[in-house]
Amino acid sequence: MAPDKATTGREMIIHDLDGPSAQWLQELQSSGEQRERALTRLHQLLLRIARTEVGRRSSHLQLAGPELDDICHQAAADALMGIVSKLDQFRGESRFTTWAYKFVILELSNKIGRHIWRNPSVQLEPEDWNRLPDRFGLDPADESQWRDLVLALRAAVGQTLTVRQREVFIAIAVDGVPLDALVVRLGTNRNAIYKMMFDARRKLRAALVAGGHLEPIQDDAGQS
């Protein structure tokens, strides 16, 4: 009987992998105790990755203790199921552990985002718009200039930004919403959020320059 083409293809892929990646794939696709041991090892690896990642993000998260560790366990468990269900999609473009890393980071980001939107913190008061000049790297000379700049900035946000840009800008720059939460809330991705923030800041700076609140820089003024 001729060998199954899919099986032959998998054997060729495993043969071309680096040693550790080939071992992961073989053990996870085996059966019995060998497979159970591999699943346990992989879950432990994913949990370590999740805990390391939340440690890196801890200064920006409003979570701690058992609640945060529970999210790490959920992310590791869901990532494990996702990896096992997609083993046939692993082609060896990267190490197996690098491929697996992406699953748990995505699950962790989604779970943190959903948790924060289900349990929102108290929103900042309007006076916290006063933080914006600092975030733009601006330093007005006196209190009156600062007040005028904040008023101009608030007006520019309302007049020059699209609805989505305004939503993203206020959420991040004014209300301090974590990026992961905003990604989940808007059903988008980090790159799209970065792009909207970049475009929003560019529009706002242009409006402040046009209103005489900022001096134009070379990019604003064009070639002289």
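According to the working numbering, the sequence shown holds residues 984 to 1207 in order. Where is the CB? At the ideal position from N, CA and C, for every residue including glycine. Since the structure is predicted, the reported quantities are computational estimates derived from the model, not experimental observations.
Alpha carbon to alpha carbon, how far is residue j from residue i? Give it in angstroms, no decimals.
| i | j | result |
| --- | --- | --- |
| L1028 | I1088 | 12 Å |
| N1174 | K1085 | 16 Å |
| R1293 | L1134 | This structure cannot speak to residue 1293, because the chain is shown only from 984 to 1207. |
| K1069 | E1016 | 21 Å |
| V1037 | D1052 | 9 Å |
| T1081 | T1035 | 15 Å |
| G1048 | G1194 | 48 Å |
| E1050 | R1039 | 17 Å |
| F1073 | Y1177 | 29 Å |
| R1130 | N1172 | 35 Å |
| T1145 | M1064 | 39 Å |
For residue i, collect the residues of the same chain with a Cβ closer than 6 Å to its Cβ; drop the 5 residues on either side in sequence, then sort them by chain order.
| i | result |
| --- | --- |
| T1143 | K1186 and A1190 |
| E1090 | A1058, D1061 and A1062 |
| L1197 | L1191 |
| D1071 | none |
Suppose the cutoff is 8 Å on Cβ atoms and the five residues either side in sequence are ignored; what does the same chain contact list for residue i look like?
| i | result |
| --- | --- |
| I1153 | V1140 |
| R1020 | E1010 |
| R1149 | V1140, G1141 and A1183 |
Is it true that the CB of residue j sits closer than 9 Å to the CB of residue i?
| i | j | result |
| --- | --- | --- |
| D1163 | G1075 | no |
| V1151 | S1092 | no |
| I1066 | L1025 | yes |
| A1083 | H1056 | no |
| P1003 | R1078 | yes |
| L1169 | R1184 | no |
| L1008 | R1018 | no |
Using the Cβ count rule (16 or more neighbours within 10 Å means buried), how would you classify residue i?
| i | result |
| --- | --- |
| S1013 | exposed |
| M1179 | buried |
| F1181 | exposed |
| A1156 | buried |
Rounded to whole angstroms, how far is the Cβ of residue i from the Cβ of residue j, which I believe are closer than 8 Å?
| i | j | result |
| --- | --- | --- |
| L1022 | A1059 | Their Cβ separation, rounded to whole angstroms, is 11 Å, which puts L1022 and A1059 out of contact at 8 Å. |
Note down, in chain order, each residue of its chain lying with its Cβ closer than 7 Å to the Cβ of residue i, except the 5 sequence neighbours on either side.
| i | result |
| --- | --- |
| K1094 | I1054, Q1057 and A1058 |
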